[in-house]
Amino acid sequence: MNDMNKYEVWFITGSQHLYGEGPLKQVADHARAITKGLNEAGDIPVQVVYKPVMTNADAIKRLCMAANESDNCAGLIMWMHTFSPARIWLSGLQTLKKPYVHLHTQYNRDIPWSEIDMDFMNLNQSAHGGREFGFMASRLRQNRKVIVGHWQDEEVIKKLSVWMRTACAWQDMQGARIARFGDNMRNVAVTEGDKVAAQQQMGYDVAGFGVGELVSYVNGVQDKDVDRLLEEYKESYKLDSTVEEDKNRYSSLREAARIEIGMKAFLEAGDFKGFTTNFEDLHGLVQLPGLAVQRLMAEGYGFGAEGDWKTAALLRAVKVMGDGLEGGSSFMEDYTYHLEPGKMKVLGAHMLEVCPTLSKDKPSLEVHPLSIGGKDDPARLVFNVPTGPGINVSVMDMGNRFRMVANKVNVVEIPSLPNLPVARVAWEPEPDLKKAAEAWIHAGGAHHTAFSMTINEEYLENFAEMAGIEFLLIDDHTSISEFKKELRWNEMYFHMARGI
Numbered sequence: 018m019n020d021m022n023k024y025e026v027w028f029i030t031g032s033q034h035l036y037g038e039g040p041l042k043q044v045a046d047h048a049r050a051i052t053k054g055l056n057e058a059g060d061i062p063v064q065v066v067y068k069p070v071m072t073n074a075d076a077i078k079r080l081c082m083a084a085n086e087s088d089n090c091a092g093l094i095m096w097m098h099t100f101s102p103a104r105i106w107l108s109g110l111q112t113l114k115k116p117y118v119h120l121h122t123q124y125n126r127d128i129p130w131s132e133i134d135m136d137f138m139n140l141n142q143s144a145h146g147g148r149e150f151g152f153m154a155s156r157l158r159q160n161r162k163v164i165v166g167h168w169q170d171e172e173v174i175k176k177l178s179v180w181m182r183t184a185c186a187w188q189d190m191q192g193a194r195i196a197r198f199g200d201n202m203r204n205v206a207v208t209e210g211d212k213v214a215a216q217q218q219m220g221y222d223v224a225g226f227g228v229g230e231l232v233s234y235v236n237g238v239q240d241k242d243v244d245r246l247l248e249e250y251k252e253s254y255k256l257d258s259t260v261e262e263d264k265n266r267y268s269s270l271r272e273a274a275r276i277e278i279g280m281k282a283f284l285e286a287g288d289f290k291g292f293t294t295n296f297e298d299l300h301g302l303v304q305l306p307g308l309a310v311q312r313l314m315a316e317g318y319g320f321g322a323e324g325d326w327k328t329a330a331l332l333r334a335v336k337v338m339g340d341g342l343e344g345g346s347s348f349m350e351d352y353t354y355h356l357e358p359g360k361m362k363v364l365g366a367h368m369l370e371v372c373p374t375l376s377k378d379k380p381s382l383e384v385h386p387l388s389i390g391g392k393d394d395p396a397r398l399v400f401n402v403p404t405g406p407g408i409n410v411s412v413m414d415m416g417n418r419f420r421m422v423a424n425k426v427n428v429v430e431i432p433s434l435p436n437l438p439v440a441r442v443a444w445e446p447e448p449d450l451k452k453a454a455e456a457w458i459h460a461g462g463a464h465h466t467a468f469s470m471t472i473n474e475e476y477l478e479n480f481a482e483m484a485g486i487e488f489l490l491i492d493d494h495t496s497i498s499e500f501k502k503e504l505r506w507n508e509m510y511f512h513m514a515r516g517i
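Rendered as structure tokens:
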């Protein structure tokens with residue numbers, strides 16, 4: 018994807034003229050040194066850009082307006098080196114539309130106990146300068162990340178990295194276009210939602226298209242381009258022997274390649290970052306676009322099946338957050354349960370659409386019948402997912418707000434599945450399947466999710482705060498009684514917050 022390469026984060030330092038030009042020069046020198054140090058830290062994913070020290074309201078407001086207008090600026094790091102009277106920040110913070118993190122740190126790690134004097138005390142006032150800034154942000158009821166610790170500490174660097182990746186995903190979502198081929202799967206509730214509210218709250222636009230518009234792109238694909246893509250398939254995957262030996266199956270593979278080329282051309286022409294399909298609405302396509310969807314997700318596109326545009330947008334954000342990190346992310350569905358006492362687990366899959374970035378080994382490219390949809394046998398990549406920690410996350414439209422619910426899981430070894438030729442994964446939810454499923458159902462969590470072994474709950478909570486939406490986490494600490502209380506408290510909060 019490499020979408021993160023185009024973003025930057027601005028480093029903003031607060032002070033005031035009370036201290037004189039000498040101390041202000043030291044403040045600026047320290048800010049430059051921290052900016053340089055962050056850029057040299059291995060985990061920092063984007064360029065950190067030094068900005069002049071802020072000492073008055075006009076400069077702060079101009080800076081915030083410039084950040085709003087910059088397509089490259091994903092967010093701001095705010096650091097109060099000295100005491101910076103927070104009323105000079107009021108207008109700027111009210112103007113600012115980009116996310117920011119309050120880095121509560123100081124240039125020196127240790128107090129020089131034997132040498133400290135009042136000059137040192139006057140220069141290094143982050144301890145109470147940060148509290149002054151924090152008051153104003155809280156008074157304005159602003160969501161922001163607060164990170165405390167020395168700027169060279171590994172934990173601080175890690176938290177900054179997570180926040181920066183989340184800010185990039187948020188910036189990527191602003192103005193993002195999601196293509197919806199066909200409508201919602203008939204009579205399904207959770208995949209519906211208010212597209213106007215989603216655009217207002219989260220910034221992305223959902224555009225509907227008749228499947229015939231996609232079919233026109235597919236029908237225009239030339240055979241030489243199909244041949245070229247088939248060679249790529251043979252190099253990238255283990256081609257099942259029956260595909261080459263069976264003329265009908267090889268024809269299906271060629272059609273899958275034609276659909277992929279046409280679909281990608283459509284998405285590129287419209288500058289889309291995600292898309293949906295619906296197996297009930299495939300008029301003009303000879304097979305469900307399984308292989309195309311899998312490979313496009315691997316390139317970074319968000320996807321949602323059965324018209325699920327909210328999950329398509331969410332998966333795109335998860336893909337951006339995890340860009341360049343180990344692991345993978347995919348559209349997912351809790352498909353069926355293994356309810357053996359003491360060994361309960363979930364089998365996650367979909368009809369075909371699981372992203373190969375999650376594959377444990379080289380995927381197998383196969384063609385098999387699909388007992389739903391009434392179309393020709395579709396091509397698909399078949400693989401298992403490696404063991405390790407993961408997370409499932411879903412976003413739902415609750416009528417008066419959007420809710421994000423996430424469940425930490427542990428991916429386990431999967432038994433042999435000789436009669437299930439789809440990509441698949443097995444996991445044990447935290448704290449266990451019974452409590453996790455009960456909490457998920459109480460929260461109204463969807464059956465479609467973005468599943469990731471790249472990011473964790475910290476990314477998602479950051480993202481929810483940037484979006485101003487509800488966030489619920491199901492993990493080893495989840496108690497059903499407390500979770501139900503949280504749901505009730507949140508209902509009251511979000512109802513009241515609309516009037517604050």
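Heads up: the sequence shown runs through residues 18 to 517, numbered per this note's numbering. Even for Gly, the Cβ is constructed at its ideal location relative to N, Cα and C. This structure is a prediction, so every number in the text was calculated from the model and none was measured.
D351 burial status per 10 Å Cβ neighbour count (16 or more: buried): Taking the sequence shown and counting its residues from 1, one reaches residue 351 at position 334. Buried is the call here.
Range of the contiguous alpha helix (DSSP H) that encloses F6: The first residue shown for the chain is 18 and the last is 517, placing residue 6 beyond what the model contains.
Rounded separation between I491 and E445 - CA only: In the sequence shown, the residue the question calls residue 491 occupies position 474. In the sequence shown, the residue the question calls residue 445 occupies position 428. Taking the straight line joining both Cα atoms gives about 13 Å.
8 Å Cβ cutoff met for N201 and G324: In the sequence shown, counting from the first residue as 1, residue 201 sits at position 184. In the sequence shown, counting from the first residue as 1, residue 324 sits at position 307. Yes, the Cβ-Cβ distance between N201 and G324 is below 8 Å.
C-beta atoms of V429 and T404 nearer than 8 Å: Locating residue 429 in the sequence shown gives position 412, counting from the first residue. Locating residue 404 in the sequence shown gives position 387, counting from the first residue. Yes, Cβ-Cβ distance for V429 and T404 is below 8 Å.
Status (buried if at least 16 other CB within 10 Å, exposed otherwise) for I311: For the purposes of this step, residue 311 is identified with residue 294 of the sequence shown, where counting begins at 1. In the sequence as presented, Ile is not what sits at residue 311; that position holds Gln. That one is buried.
Backbone secondary structure at E38 - three-state DSSP: The residue labelled residue 38 in the question sits at position 21 within the sequence shown. E38: helix per DSSP, three-state reduction.
Residue span of the alpha helix (DSSP H) that contains T353, given as start and end: Indexing the sequence shown from 1 puts residue 353 at position 336. Not the alpha helix (DSSP H): T353 falls in the beta strand (DSSP E), residues 346-355.
Through-space distance from S347 to M470, alpha-carbon basis: To locate residue 470, count along the sequence shown from 1; it is residue 453. To locate residue 347, count along the sequence shown from 1; it is residue 330. Each residue's alpha carbon lies about 9 Å from the other.
Closest by C-alpha distance to P432, when choosing among K425, V442, V66: Counting from one through the sequence shown, the residue named residue 432 turns up at place 415. Residue V442 is the option with its Cα nearest to P432.
Test item: CB-CB of Y124 and N141 under 8 Å: Counting from one through the sequence shown, the residue named residue 124 turns up at place 107. Counting from one through the sequence shown, the residue named residue 141 turns up at place 124. In contact: Y124 and N141 (Cβ atoms closer than 8 Å).
Cβ neighbour criterion (16 or more within 10 Å) applied to L437: Position 420 of the sequence shown holds residue 437. Exposed is the call here.
Residue from I458, N417, R515, E447 with nearest C-alpha to G210: Your numbering for residue 210 matches position 193 in the sequence shown. The candidate whose alpha carbon is nearest that of G210 is N417.
With 16 other Cβ atoms within 10 Å as the buried cut-off, status of N401: Within the sequence shown, numbered from 1, the residue matching residue 401 stands at position 384. The residue in question, N401, is buried, as its Cβ has 16 or more Cβ neighbours within 10 Å.
Beta-carbon spacing of L302, V232 below 8 Å: Taking the sequence shown and counting its residues from 1, one reaches residue 302 at position 285. Taking the sequence shown and counting its residues from 1, one reaches residue 232 at position 215. The answer is yes: Cβ separation under 8 Å.
Start and end residues, beta strand (DSSP E) containing Y67: Along the sequence shown, one-based indexing puts residue 67 at 50. That run of the beta strand (DSSP E) goes 64-67.
Below-8 Å beta-carbon distance, W444 vs any chain B residue: Among the chains in the structure shown there is no chain B, since it carries only a single protein chain.
Neighbour-count burial assignment, M280, 16 or more Cβ in a 10 Å radius: Here residue 280 corresponds to residue number 263 of the sequence shown, with the count starting at 1. Per the 10 Å Cβ criterion, buried.
Helix, strand or coil at Y117 [DSSP, three-state]: Counting from one through the sequence shown, the residue named residue 117 turns up at place 100. Looking at Y117 - three-state DSSP - the assignment turns out to be strand.
Residues sharing a beta bridge with P446, DSSP: As a first step, residue 446 must be located in the sequence shown, where it is residue number 429. BP columns for P446 point to V426.
Contacting residues, own chain, Cβ-Cβ under 6 Å from A74 (five flanking each side not counted): As a position in the sequence shown, residue 74 is number 57, starting the count at 1. Within the same chain, A74 has close Cβ partners I105, S108.
Residues near G345 by beta carbon distance below 7 Å, same chain, minus five either side: By one-based count along the sequence shown, residue 345 stands at place 328. Taken in chain order, the residues that qualify are C372, T374, L375, M470, T471.
Member of Q169, A463, D449, N85 whose CA lies at the smallest distance from the CA of L356: Here the question's residue 356 lines up with position 339 in the sequence shown. When only C-alpha atoms are compared, the closest one is D449.
Whether K452 touches T495 by CB criterion (8 Å): Stepping through the sequence shown from its first residue, residue 452 is reached at position 435. Stepping through the sequence shown from its first residue, residue 495 is reached at position 478. It is a contact, given that the beta carbons lie within the stated cut-off.
Cut-off 7 Å between Cβ atoms - residues of its own chain near G485, not counting five sequence neighbours on either side: Against the sequence shown, residue 485 aligns to sequence position 468. Result list for G485: N160, Q218, in chain order.
Residue nearest to N236 in terms of C-alpha spacing, selected from A58, D60, A274: Along the sequence shown, one-based indexing puts residue 236 at 219. Ranking A58, D60, A274 by Cα distance to N236 puts A274 first.
Inter-residue Cα distance where the pair is P69 and T30: Residue mapping note: residue 69 aligns to position 52 of the sequence shown, counting from 1. Residue mapping note: residue 30 aligns to position 13 of the sequence shown, counting from 1. Whole-angstrom Cα-Cα distance: 7 Å.
Spatially closest choice to H512 from M415, A83, F468, D189, by CA coordinates: As a working mapping, residue 512 is identified with position 495 in the sequence shown. Per the Cα distances, M415.
Local Cβ density within 10 Å of F27, reported as buried at 16 or more and exposed below that: Here residue 27 refers to the residue found at position 10 of the sequence shown. As written in the sequence, residue 27 is Trp, which differs from the Phe given in the question. W27 is buried by the Cβ-count criterion.
Collapsed DSSP secondary structure at A206 in the structure displayed: Start at 1 with the first residue of the sequence shown, and residue 206 comes out as number 189. Correct three-state label for A206: coil.
Range of the contiguous beta strand (DSSP E) that encloses C90: Against the sequence shown, residue 90 aligns to sequence position 73. It spans 90-97 - the beta strand (DSSP E) in which C90 sits, taken as one unbroken run.
Span of the alpha helix (DSSP H) around T72: Numbered from 1 along the sequence shown, position 55 holds the residue referred to as residue 72. Note, T72: premise wrong, no alpha helix (DSSP H); not H, not E.
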